[in-house]
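Read through the structure below, which is laid out as structure tokens, and then see the notes.
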Ligand SMILES: NC(=O)c1ccc[n+]([C@@H]2O[C@H](COP(=O)([O-])OP(=O)(O)OC[C@H]3O[C@@H](n4cnc5c(N)ncnc54)[C@H](O)[C@@H]3O)[C@@H](O)[C@H]2O)c1
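In my numbering, the protein residues as written are -6 to 328.
Next up, the structure:
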């Protein structure tokens, strides 16, 4: 497999490192010559270019990894698929669900692999959490929330919802195995006009299950925490806690004199595989290229995430008015 990465920015350099470690990286394209000069110091034997078209027409490149800003994803991914390359696109797959649909159809028609970088789906803690859900350990999921908070990186094209929440939406749809039937979202723009730095999105699933996603790049400290409350047990995935990324809690209530009395549970740490999520994600992409199997986070999955984000965005602009997702109740989201 011969992979070319597009975009050697803050995130792209991680992808470059991992694909290089895996021995499949052959080329790098960035429209900033200084980015290429920096890459040249670290990696030897890479083809470096500012000319995207020349890489797309190169028969020595099998697959393209797109780690450029979100607003360029659709055009670059479309051009790569049209050039018969397999494609990995960083999140968000595109800025509109309709664009994701176009890319999905194109990939299908050209028999190309199209994967979106919803990194958390490859995180060993999320993989383990899903296994526990499937084994029935938590019981039916009732409520979940995800906080993705930090100071910076402030983006100028997309808001905090689009920049951060694709990860959370992807994980929540995976855990609940459903699309929300209705969403509502509110947010605030403080640093730039009309680009919310902070947003809270509420997702309502069929049968009353709910989730909310709180994202902000205007927050004094970093937090990446997912809390899942099931009928039987509760789980916490704290990505910034190296000692116990995944904890399981009993849900003990007793009725005493007609009142709910909660016995505060001791959390039990859950063992997770010691593997870098990005490495697992990149390996999955290469595996899909070899086996020609659809990625876990394929175009359809990317499109579902964008439909939820679009609905949240609509609600955000309507100052929190609920927005229904047509057809969501009947839609199957496979584990
Ligand atoms: N999976 C994750 O956890 C994660 C984390 C951060 C960022 N990202 C995603 O990675 C992508 C890049 O984000 P970033 O923070 O690295 O941005 P960035 O602005 O730091 O880097 C983007 C790079 O792409 C280059 N570029 C722009 N347009 C180009 C084009 N048409 N052709 C070639 N190069 C081009 C720029 O020169 C720059 O070097 C975004 O989609 C972002 O959402 C994912």
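Every residue, glycine too, gets a C-beta built ideally from N, C-alpha and C.
- In the three-state DSSP reduction, residue 136 falls in the strand class (E or B).
- For residue 213, there is no enclosing alpha helix (DSSP H); the enclosing beta strand (DSSP E) covers residues 211 to 223.
- The three-state secondary structure of residue 7, taken from DSSP, is helix.
- Your pair residue 54 and residue 19 checks out as a contact, with CB atoms roughly 6 Å apart and the cut at 8 Å.
- 9 Å or more divides the Cβ of residue 39 from the Cβ of residue 57.
- Three or more Cβ pairs closer than 8 Å define a contact, and the stretch 129 to 138 meets that threshold against the stretch 210 to 227.
- Scanning the stretch 215 to 291 from its first residue to its last, the whole alpha helix (DSSP H) runs of 4-plus residues come out as 270 to 284.
- In the structure shown, residue 65 adopts helical secondary structure according to DSSP, grouped into three states.
- Looking at 155, 126, 83 and 100, the one whose alpha-carbon comes closest to that of residue 300 is 155.
- Residue 264 places its beta carbon less than 9 Å from that of residue 121.
- For residue 77, no alpha helix (DSSP H) run applies, since DSSP gives it neither H nor E.
- Residues with their Cβ less than 7 Å from any non-hydrogen atom of ligand 1, running along the chain, are -1, 0, 1, 2, 3, 4, 5, 22, 23, 24, 25, 28, 45, 60, 61, 62, 63, 65, 66, 69, 83, 84, 85, 110, 112, 146, 156 and 160.
- Shown here, residue 310 sits in a helix according to DSSP, grouped into three states.
- Checking the DSSP bridge columns, you'll see residue 192 partnered with 180 and 208.
- The Cβ-Cβ distance between residue 240 and residue 231 falls below 9 Å.
- At least 9 Å separates the beta-carbon of residue 160 from that of residue 211.
- Between residue 60 and residue 5, the C-beta spacing is below 9 Å.
- Counted as a single uninterrupted DSSP element, the beta strand (DSSP E) harbouring residue 40 occupies residues 40 to 42.
- A buried status is given to residue 142, since no fewer than 16 other beta-carbon atoms sit within 10 Å of its beta-carbon.
- No Cβ-Cβ contact shorter than 9 Å links residue 178 with residue 136.
- About 7 Å separates the Cβ atoms of residue 275 and residue 8, confirming a contact at the 8 Å cut-off.
- Note that the stretch 188 to 204 touches the stretch 164 to 176; at least 3 beta-carbon pairs, one per stretch, sit closer than 8 Å.
- For residue 32, the enclosing alpha helix (DSSP H) has its first and last residue at 26 to 35.
- Looking at the DSSP output, residue 59 shares a beta bridge with -1 and 82.
- Contact annotation, residue 304 with residue 318: C-beta distance approximately 5 Å; criterion of less than 8 Å satisfied.
- Under the DSSP assignment, residue 162 falls in the alpha helix (DSSP H) whose first and last residues are 153 to 169.
- With respect to residue 191, residue 158 sits apart: the two C-beta atoms are not nearer than 9 Å.
- Judged by DSSP in its simplified three-state form, residue 90 adopts helix.
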